[in-house]
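A.B. asks: Shown below is the structure under consideration.
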Amino acid sequence: MYKAPRGTTDILPADQPYWRYVQTKAAKISQRFGYSRIDTPVFEDANLYVRSVGEGTDIVEKETYTFKDKGGDMISLRPEGTAGVCRAYVEHGMVSLPQPVRLAYMESFFRYERPQAGRFRQFHQFGVEAIGDADASIDAEVIDLGWRFIQDLGLGNMTLVLNSIGDKECRPVYLKALRGHYAANLGRVCPDCKMRFEKNLLRVLDCKRTDFACQEVINDAPKATEHLCAPCKEHWEQLNSYINALGIPMVINHNLVRGLDYYTRSVFEIQPQEEGAQSTILAGGRYDGLIEELGGKPTPGVGFATGIERIILNLKRQNISVESPRTYKVMIAHLGKAADLEAVALASELRKAGVSAAVASGGKSLKAQMRQMSALETPTAIIIGDNELAQKSVVVRDMTKATQQTIPMADIVSFIKNL
RNA sequence: GUGGCCGUAGCUCAGUAGGCAGAGCGCGCGGCUGUGGCCCGCGAUGUCGAGGGUUCGAGCCCCUUCGGUCACCCCA
4 MYKAPRGTTD
14 ILPADQPYWR
24 YVQTKAAKIS
34 QRFGYSRIDT
44 PVFEDANLYV
54 RSVGEGTDIV
64 EKETYTFKDK
74 GGDMISLRPE
84 GTAGVCRAYV
94 EHGMVSLPQP
104 VRLAYMESFF
114 RYERPQAGRF
124 RQFHQFGVEA
134 IGDADASIDA
144 EVIDLGWRFI
154 QDLGLGNMTL
164 VLNSIGDKEC
174 RPVYLKALRG
184 HYAANLGRVC
194 PDCKMRFEKN
204 LLRVLDCKRT
214 DFACQEVIND
224 APKATEHLCA
234 PCKEHWEQLN
244 SYINALGIPM
254 VINHNLVRGL
264 DYYTRSVFEI
274 QPQEEGAQST
284 ILAGGRYDGL
294 IEELGGKPTP
304 GVGFATGIER
314 IILNLKRQNI
324 SVESPRTYKV
334 MIAHLGKAAD
344 LEAVALASEL
354 RKAGVSAAVA
364 SGGKSLKAQM
374 RQMSALETPT
384 AIIIGDNELA
394 QKSVVVRDMT
404 KATQQTIPMA
414 DIVSFIKNL
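The numbering of the first sequence is this note's numbering, which starts it at 4 and goes up by one.
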């Protein structure tokens with residue numbers, strides 16, 4: 004028996020109302036903030052991600068689906084959205100549009116990982132990018148959009164976490180200080196941190212282990228925001244003022260770092276307050292060097308992405324109800340050969356008039372047909388048999404009130420439409 | 001990639017000491033003439049995840065493997 008490949012899942016009809024709910028909110032909030040929809044290819048030149056996300060990152064090193072196509076090109080299924088959008092910005096000369104260019108996407112992404120709660124090999128993100136403006140007010144706009152989105156979904160108990168990790172000027176200075184601190188404490192931290200020290204120094208800061216002195220070493224570590232150069236410092240302070248002005252409950256976390264190489268200055272996440280793995284539902288930041296890295300003019304940018312699966316997980320945890328439409332407004336039960344033809348024709352007429360209608364499974368007893376309607380929670384039943392045919396009428400039954408009346412066949416479509 | 005737990009009907013699960021594969025829900029049909037939900041009766045559906053081994057005999061014991069789940073790593 005075939006199964007969906009590991010880490011993939013069928014989104015069954017029962018779950019579709021959640022997806023529709025989230026997609027609708029995302030489209031509305033994008034529109035309200037003036038972010039235009041963009042769709043980019045599912046696969047890109049593999050090198051795009053090496054250049055943008057970073058060669059040494061886990062995403063590129065071990066999580067991308069990369070393969071050679073029949074023409075010999077190295078292709079990667081997209082593992083994230085920002086790189087493709089920035090490539091499109093450069094390729095289509097969006098630099099000549101009024102800046103910043105505000106873009107939104109909602110697509111599926113692919114990472115080869117061990118699946119677990121809130122993590123899949125094929126997953127979906129709604130994300131936005133504002134490209135072409137370095138001002139901190141744009142960071143604030145993007146954060147406001149993300150926060151509003153989460154609020155509009157009805158999700159409560161969320162926290163915005165904020166940090167600044169500097170830029171090309173000041174980050175090396177900070178990293179040097181951090182490296183010095185860890186070099187002096189390397190004997191006390193966990194094996195993972197020792198590995199991070201070599202491989203991806205910033206990540207030591209979000210080590211959660213308590214069986215070594217990691218937490219203590221983190222507490223004493225130098226803070227990125229204390230090593231910012233003058234322009235980054237100003238940007239950071241402005242962003243804080245904006246966020247305060249927006250009234251978004253915010254926590255500065257000096258240990259918030261992001262796993263992708265292209266981030267500069269602002270980084271942020273929105274997390275549910277209860278602890279749990281894979282809890283972050285929205286994350287983003289500024290990437291002022293990325294467009295240039297991809298061959299464009301030096302152009303700043305800022306954006307975020309949200310995980311739809313994680314959002315739906317939280318909607319369910321918080322018992323947020325979403326509207327799920329009934330299958331049919333009316334179903335037609337019929338008895339006998341002649342009534343069968345009449346039922347099929349009437350169903351077609353009703354659909355033509357814009358009413359969702361179906362004929363109950365034929366060849367069954369009236370009881371079976373009625374049961375089927377009940378099971379599908381059909382609010383209205385039409386019954387056609389020999390008696391009705393003879394009188395050129397039908398029986399219309401209100402399934403919720405258990406009342407019924409006889410309606411002339413000639414009037415039935417307008418009668419149903421006006422229910 | 002590492003570790004814990006788990007794989008039996010569509011779903012949730014039971015299965016004793018190794019001895020005929022089960023329940024509830026759901027689904028289908030019926031409960032005297034053409035009326036659903038509640039109730040009652042009847043019924044169908046299994047590669048017991050897969051492969052191998054031990055045994056007269058394996059859902060149960062052993063090995064391997066695949067998958068699910070949770071956590072780590074990392075990330076949305």
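Note that the Cβ used here is the ideal one computed from N, Cα and C, for glycine as well.
Cutting at 6 Å between CB atoms, please list the residues of its own chain near Ile386, excluding the five before and the five after it.
C.D. replies: If you number the first sequence from 1, residue 386 lands on position 383. Excluding positions up to five away in sequence, the list reads Ala336 and Val398.
A.B. asks: Quick check on Ile168: does DSSP put it in helix, strand or coil?
C.D. replies: The count along the first sequence starts at 1 and reaches residue 168 at position 165. DSSP places Ile168 in coil when its eight states are reduced to three.
A.B. asks: So, is Ser444 buried or exposed, given that buried needs 16 or more other C-beta atoms within 10 angstroms?
C.D. replies: Examination of residue 444 is not possible in this model, given that the chain is present from 4 through 422 alone.
A.B. asks: Please tell me whether Leu263 and Ile134 are closer than 9 Å, where the distance is taken between their beta carbons.
C.D. replies: Along the first sequence, read from residue 1 onward, the residue named residue 263 stands at position 260. Along the first sequence, read from residue 1 onward, the residue named residue 134 stands at position 131. The answer is no: Cβ separation not under 9 Å.
A.B. asks: Quick check: what's the CA-CA separation for Gly10 versus Glu64?
C.D. replies: Taking the first sequence and counting its residues from 1, one reaches residue 10 at position 7. Taking the first sequence and counting its residues from 1, one reaches residue 64 at position 61. Taking the straight line joining both Cα atoms gives about 19 Å.
A.B. asks: With a cut-off of 8 Å on the beta carbons, I'd call Leu163 and Ile251 a contact; round off their distance for me.
C.D. replies: The sequence position of residue 163 within the first sequence is 160, counting from 1. The sequence position of residue 251 within the first sequence is 248, counting from 1. About 5 Å separates the two Cβ atoms, so the contact holds.
A.B. asks: Going by the beta-carbon positions, is the gap between Lys420 and Thr381 smaller than 9 Å?
C.D. replies: By one-based count along the first sequence, residue 420 stands at place 417. By one-based count along the first sequence, residue 381 stands at place 378. Not a contact, by the Cβ cut-off of 9 Å.
A.B. asks: Helix, strand or coil for Asp48, going by three-state DSSP, please let me know.
C.D. replies: To locate residue 48, count along the first sequence from 1; it is residue 45. Strand.
A.B. asks: Reducing DSSP to helix, strand and coil, say where Gln125 ends up.
C.D. replies: The count along the first sequence starts at 1 and reaches residue 125 at position 122. DSSP places Gln125 in strand when its eight states are reduced to three.
A.B. asks: Compute the distance between the beta-carbons of Phe113 and Arg81, then report whether it is under 9 Å.
C.D. replies: Numbered from 1 along the first sequence, position 110 holds the residue referred to as residue 113. Numbered from 1 along the first sequence, position 78 holds the residue referred to as residue 81. A contact, by the Cβ cut-off of 9 Å.
A.B. asks: Do Ala360 and Leu349 have their CB atoms nearer than 9 Å?
C.D. replies: Position 357 of the first sequence, counting from 1, holds the residue named residue 360. Position 346 of the first sequence, counting from 1, holds the residue named residue 349. Yes; because the gap between Cβ atoms is below 9 Å, this pair is in contact.
A.B. asks: Determine the burial state of His230: buried for a count of at least 16 other Cβ atoms within 10 Å of its Cβ, exposed for fewer.
C.D. replies: Within the first sequence, numbered from 1, the residue matching residue 230 stands at position 227. Label assigned to His230: buried.
A.B. asks: Who are the near neighbours of Met97 in its chain, counting only those whose CB is closer than 6 Å to its CB and skipping five residues on each side?
C.D. replies: Taking the first residue of the first sequence as position 1, residue 97 is located at position 94. Correct list, in chain order: Val104.
A.B. asks: Give me the Cα-Cα distance between Lys211 and Pro234, rounded to the nearest whole angstrom.
C.D. replies: Against the first sequence, residue 211 aligns to sequence position 208. Against the first sequence, residue 234 aligns to sequence position 231. Cα-Cα distance, rounded: 32 Å.
A.B. asks: Taking the DSSP output, what are the residues bridged to Gln34?
C.D. replies: Position 31 of the first sequence, counting from 1, holds the residue named residue 34. Paired residue(s): none; Gln34 is not in a bridge.
A.B. asks: Measuring only the C-alpha atoms, how far is Glu511 from Val207?
C.D. replies: Nothing can be reported for residue 511, as the shown portion of the chain is limited to 4 through 422.
A.B. asks: On the DSSP letters alone, give me the boundaries of the alpha helix (DSSP H) that Gln394 sits inside.
C.D. replies: Residue mapping note: residue 394 aligns to position 391 of the first sequence, counting from 1. From DSSP, the alpha helix (DSSP H) with Gln394 extends over Asp389 to Gln394.
A.B. asks: What separation, rounded to the nearest whole angstrom, lies between the Cα atoms of Leu338 and Leu392?
C.D. replies: Along the first sequence, read from residue 1 onward, the residue named residue 338 stands at position 335. Along the first sequence, read from residue 1 onward, the residue named residue 392 stands at position 389. Roughly 10 Å between the two C-alpha positions.
A.B. asks: With distances taken Cα to Cα, identify the nearest neighbour of Pro194 among Leu178, Asp214 and Gly157.
C.D. replies: As a working note, residue 194 is residue 191 in the first sequence. Comparing Cα-Cα distances from Pro194 to each of Leu178, Asp214 and Gly157, the minimum goes to Asp214.
A.B. asks: Pick out whichever of Asn166, Leu178, Asp223 and Gln407 has its Cα sitting closest to the Cα of Arg191.
C.D. replies: For the purposes of this step, residue 191 is taken as residue 188 along the first sequence, with counting starting at 1. Arg191 has its Cα closest to that of Asp223, out of Asn166, Leu178, Asp223 and Gln407.
A.B. asks: Enumerate in chain order the residues of its own chain whose CB-to-CB distance from Pro411 is below 6 Å, with the five nearest sequence positions on each side excluded.
C.D. replies: Residue numbering aside, residue 411 sits at position 408 when the first sequence is read from its first letter. Cβ neighbours of Pro411 beyond the five flanking positions: Ser396.
A.B. asks: The beta strand (DSSP E) spanning Ile14 covers which residue range?
C.D. replies: Working through the first sequence from its first residue, we reach residue 14 at position 11. Careful: Ile14 lies outside any beta strand (DSSP E) and carries neither H nor E.
A.B. asks: For Tyr266, tell me which candidate among Ala187, Val305 and His184 has the shortest Cα-Cα distance.
C.D. replies: Against the first sequence, residue 266 aligns to sequence position 263. Taking only the C-alpha atoms, the option nearest Tyr266 is Val305.
A.B. asks: Please report how far the alpha carbon of Phe200 lies from the alpha carbon of Glu326, in whole angstroms.
C.D. replies: As a working note, residue 200 is residue 197 in the first sequence. As a working note, residue 326 is residue 323 in the first sequence. Their backbone Cα atoms lie some 49 Å apart in a straight line.
A.B. asks: What did DSSP end up calling Lys71 once you bin it into helix, strand or coil?
C.D. replies: The residue labelled residue 71 in the question sits at position 68 within the first sequence. It is a strand residue.
A.B. asks: Using the Cα positions of Phe418 and Ala91, report the straight-line distance between them to the nearest angstrom.
C.D. replies: Here residue 418 is taken as the residue at index 415 of the first sequence, counted from 1. Here residue 91 is taken as the residue at index 88 of the first sequence, counted from 1. So the alpha carbons of these two residues sit roughly 53 Å apart.
A.B. asks: Just to confirm before moving on: does the CB-CB distance between Ala3 and Tyr245 stay below 9 Å?
C.D. replies: Past the boundaries of the shown model lies residue 3; the chain is included only from 4 to 422, so the question cannot be answered.
A.B. asks: At 4 residues or longer, what runs of the alpha helix (DSSP H) sit wholly inside the region 222-278?
C.D. replies: 233-249
A.B. asks: With 16 other CB atoms within 10 Å as the buried threshold, where does Leu4 fall?
C.D. replies: Sequence index remark: in the first sequence, residue 4 carries index 1 (1-based). Reading off the sequence, residue 4 comes out as Met, not Leu. Its Cβ having fewer than 16 others within 10 Å, Met4 is exposed.
A.B. asks: Quick check on Lys28: buried or exposed, where buried means 16 or more other Cβ atoms within 10 Å of its Cβ?
C.D. replies: As a working mapping, residue 28 is identified with position 25 in the first sequence. With 16 or more other Cβ atoms within 10 Å, it is buried.
A.B. asks: Report the three-state DSSP secondary structure of Met97 (helix, strand or coil).
C.D. replies: Counting from 1 along the first sequence, the entry for residue 97 is found at position 94. Correct three-state label for Met97: helix.
A.B. asks: Leaving aside the five residues before and after Thr60 along the sequence, list all residues of the same chain whose C-beta is less than 8 Å from its C-beta, in chain order.
C.D. replies: Locating residue 60 in the first sequence gives position 57, counting from the first residue. Same-chain partners within the cutoff: Asn203, Gly262, Leu263 and Asp264.
A.B. asks: Assuming contact is defined by CB atoms lying nearer than 9 Å, are Gln26 and Asn160 in contact in what I supplied?
C.D. replies: In the first sequence, residue 26 corresponds to position 23, counting from 1. In the first sequence, residue 160 corresponds to position 157, counting from 1. Not a contact, by the Cβ cut-off of 9 Å.
A.B. asks: Contact check, Tyr108 vs Asp42 under 8 Å by CB: the rounded distance?
C.D. replies: In the first sequence, the residue the question calls residue 108 occupies position 105. In the first sequence, the residue the question calls residue 42 occupies position 39. Indeed, because the Cβ distance is near 7 Å, the residues count as touching under 8 Å.
A.B. asks: Using the Cα positions of Ala286 and Gln274, report the straight-line distance between them to the nearest angstrom.
C.D. replies: Translated into positions along the first sequence, residue 286 becomes position 283. Translated into positions along the first sequence, residue 274 becomes position 271. C-alpha separation (whole angstroms): 9 Å.
A.B. asks: Are there 16 or more other CB atoms within 10 angstroms of the CB of Tyr271, so buried, or fewer, so exposed?
C.D. replies: Position 268 of the first sequence, counted from the first residue, corresponds to residue 271. Residue identity differs from the one stated: residue 271 is Phe in this sequence, not Tyr. Classification of Phe271: buried, given that the 10 Å Cβ count is 16 or more.
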